[in-house]
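Okay, structure first, notes after.
In our numbering, the protein residues as written are 13 to 637.
Set out below in structure tokens:
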């Protein structure tokens, strides 16, 4: 990736140590780095592990494997799944297995201490970890993942059910790794694991100082396991009565990539594949290079030419850089100078942009241009700015799917009430989709923009309403998760909100931010911080260390716990949170939703009976809100 290459390309006077267990063939670096840096390169290579691994392929149900690992003291074990849902379902199924003694459960409770488990998945995770079961995947809140890692490092979890996220960059002591499959969906298609992926995940097995060896188990596909069980059962019956039985073997599900013992053996023996370059030119890179002293054009050409890309790709990168340059020039983000300035630049970033300005989204220049379509005096102006920004962000697919499902459910109920026939209802449902604010305004403009900037064709416009929906419903994060039943995707939703906050903060020029828009941005940032501040703490500390300290936004490590900063530390955002919370209650009162009002505040709030009694005099007099 470009972040991996840029230091090697741009820091020739720095001495590097490049370390990995899965680098594969490094000959290109051995040949290239002496030319680039003038330093000799020493390769230190060893295939011997301090803790050797034992590899086993099992045609055995995972429940039997887990029971055996517990009985033979080969835990903690990491059960690797390749979907988040499968990992959670496996953890749920293990609750019936006794994993911890009473003393071990007490130690877990002591380690957890006053950690905040919020409603939704938090309550589920609390139940899991108190029974010695961890869950770890990218859809979880970061603070939940950190808790699982902490408990695992303390040796308090017997089994962790997760995806391959634990296989990358995290030091968690594991005795045994169980791969429930040797194939994964990579976002495009289902394929077998690469040797690098296999070694990266399997290499987690074996704890230095605890184990003399680590165990890596690969499981056969489910249909193979079921066929083997059926064959064994038939063989036992035949041995008993002498009759030969014909078995109809189960076939793999349609589209499944199958694997077996030969696949497993090949992965065990294969060295990691050689690294391939995936260098990319972005707006952000262009801005940074053009804004530094000297000839930014020449520096960018050299950066592309020196990259580890094939020659054909370098030509594509240069063409893309030219197109991005033209777009930034059109958007007045950069300006060309007739004479070099004091830093020797003939091109520079427009001087009246704020210091923190950035274009980290591919369609950010389009968003800047689209701001001219809005009336700053309009009541909906802040929300329309949000809708422009949301249209250039990637879709949070679980949220979009939930919105479509809810919209279709409401549409069906409405059509049934209107007496529409089934076929007519089904035809109408095909047209129902998620909320797409400003789509009719933005899409024609985007078509024109795309004609002038063909490179944006690979980045479609995606109008949607997530931040806007959250604001208009006056909901908190937990309310929104419950409303759309997104407990398993909390982390994904929060990352989307965090990306939206960062894009609003850094892409919209300060002189285009009205007071109302600043209020909304402050509210969004505080909402993210109160759920899991780690997503913003490090980013804001890097942007402005003094300001982050002044607002109490230190990193979780600096604060010593996973608690959020005080909600009152940002008075502006706190006022909005209070206003939204009150407005949400007014809406529920208007609907006489006494049960929902009770649920809002949990055990510390009013019961539905008390809400009813308190509001009855009002409704007796007024009837409606």
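Glycine is no exception: its CB is placed at the ideal position from the N, C-alpha and C atoms.
- When the alpha-carbon of residue 351 is set against those of 517, 307 and 372, the nearest one is in 307.
- Distances from the alpha-carbon of residue 198 to those of 399, 627 and 176 put 176 closest.
- For residue 91, the uninterrupted beta strand (DSSP E) run begins and ends at 89-92, by DSSP.
- A residue is called buried when at least 16 other Cβ atoms come within 10 angstroms of its Cβ; residue 130 meets this threshold and is buried.
- By alpha-carbon distance to residue 390, the top candidate from 527, 103 and 627 is 527.
- The DSSP-derived three-state label of residue 226 is strand.
- Residue 465 carries a coil assignment under DSSP once its states are collapsed to helix, strand and coil.
- Residue 460 is classed as exposed because its beta carbon has fewer than 16 other beta carbons within 10 Å across all chains shown.
- Contact between the region 499-507 and the region 139-156 is present, with at least three C-beta pairs closer than 8 Å.
- When the alpha-carbon of residue 157 is set against those of 174, 45 and 611, the nearest one is in 174.
- Taking a C-beta distance under 8 Å as the contact criterion, residue 325 and residue 467 do not qualify as a contact pair.
- Put simply, of 495, 430, 595 and 400 the residue whose alpha carbon is nearest the alpha carbon of residue 520 is 400.
- By the neighbour-count definition (other C-beta atoms within 10 Å, threshold 16), residue 190 is a buried residue.
- Setting aside the 5 residues that flank it on each side, residue 610 is surrounded in the same chain by 619 and 620, each with a C-beta closer than 6 Å to its C-beta; the list follows chain order.
- Looking at 99, 166 and 233, the one whose alpha-carbon comes closest to that of residue 148 is 99.
- Taking 8 Å as the cut-off, the beta carbon of residue 262 is found no closer than this to the beta carbon of residue 295.
- Spanning the alpha carbons of residue 613 and residue 442 requires a straight line of approximately 38 Å.
- The C-beta of residue 480 has 16 or more other C-beta atoms within 10 Å across all chains shown, which makes the residue buried.
- In this structure, DSSP gives residue 69 an extended state, which the three-state scheme calls strand.
- Assigned with DSSP and collapsed to three states, residue 534 falls in helix.
- Remark: C-beta atoms of residue 146 and residue 111 do not approach each other more closely than 8 Å.
- Between residue 475 and residue 403 a beta carbon distance of about 5 Å is seen, short of the 8 Å cut, so the two are scored as contacting.
- Looking only at 312, 291, 292 and 290, the smallest Cα-Cα distance to residue 300 is reached by 312.
- Its chain contains 65, 67, 189, 214 and 217 as the residues whose beta carbon lies nearer than 6 Å to that of residue 228, once the 5 sequence neighbours on both sides are disregarded; these appear in chain order.
- Fewer than three pairs of CB atoms, one per stretch, sit closer than 8 Å, so the region 118-127 makes no contact with the region 86-100.
- The beta carbon of residue 543 is closer than 6 Å to those of 489 and 506 in its chain, skipping five residues each way along the sequence.
- The three-state reading of DSSP puts residue 360 in strand, counting E and B together.
- If you draw a straight line from the Cα of residue 13 to the Cα of residue 622, it is about 59 Å long.
- Put simply, the backbone Cα of residue 108 is about 12 Å away from that of residue 144.
- When rounded, the separation of the alpha-carbon atoms in residue 439 and residue 420 is 12 Å.
- Within the model, the alpha-carbon separation for residue 377 versus residue 454 is close to 13 Å.
- With fewer than 16 other Cβ atoms from the protein chains shown falling within 10 Å of its own Cβ, residue 636 counts as exposed.
- Within a 10 Å sphere around the beta-carbon of residue 628 sit fewer than 16 other beta-carbons, which makes this residue exposed.
- Short of 8 Å from the beta carbon of residue 163, and not among the five residues preceding or following it, lie these beta carbons of its own chain, in chain order: 120, 123, 124, 141, 146 and 169.
- The C-alpha of residue 579 is placed about 18 Å away from the C-alpha of residue 550.
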